[in-house]
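Below is one structure; the comments refer to it alone.
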Amino acid sequence: MIPTRTHAVLDYLTGALLIVAPYLFGFADGTIAQWLPMLLGTVTIVMSLITRYELSFSKIIPLNVHLAIDIASGVLLATSPWLLGFADRIWWPHLLVGLTEIIVPTLTRRTPTGSLA
1 MIPTRTHAVL DYLTGALLIV APYLFGFADG TIAQWLPMLL GTVTIVMSLI
51 TRYELSFSKI IPLNVHLAID IASGVLLATS PWLLGFADRI WWPHLLVGLT
101 EIIVPTLTRR TPTGSLA
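Residue 38 in UniProt numbering is what sits at position 38 of the sequence shown, and the numbering runs on without skipping anything.
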């Protein structure tokens, strides 16, 4: 199982990657293909700042809620190229990060270490 501290680090890294991915991988074209990952990246970082785990600023959101939102976000991101009609231009970053956003929460411990449980 992935420790919650590791999950938190991955959340911040994934959020940042989603925000810069359109520029790194050449799909910063002002369409939903660009804005969806940037929005989900921002949501991931903000949610991480207020989740009840080790590396958050404020302990508001229960970890199980956070993990469920991660999975839902991953499903949306992974399927978005086909659901939203841009798979002919770009699809692989959305699919790969989306699948990661589904797998990582599935393998993450359900209780933080220490007194945060």
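Think of the CB as a built atom: it goes at the ideal place given N, C-alpha and C, for glycine as much as any other residue.
Pairwise C-alpha distance: residue j and residue i
i    : j    : result
G26  : V20  : 10 Å
R52  : L10  : 15 Å
R109 : L84  : 33 Å
H66  : S73  : 10 Å
T4   : I69  : 15 Å
M47  : A28  : 24 Å
W35  : T113 : 35 Å
T111 : P62  : 9 Å
I102 : L76  : 10 Å
CA nearest to the CA of residue i, picked from the options
i   : options               : result
I90 : V97, P81 and G98      : P81
L18 : K59, T111, A33 and H7 : A33
P22 : M38, I2 and L49       : M38
Cβ-based neighbour list, residue i, same chain, cut-off 6 Å, excluding 5 preceding and 5 following
i    : result
G15  : G41, T44 and I45
L95  : A78
P105 : L67, D70 and I71
Residue environment, residue i, which counts as buried when at least 16 other CB atoms sit within 10 Å
i   : result
D88 : exposed
G98 : buried
G30 : exposed
F86 : buried
L13 : exposed
Cβ shell of residue i (< 8 Å), same chain only, five flanking positions each side left out
i  : result
A8 : S48, T51, Y53, E54, L55 and S56
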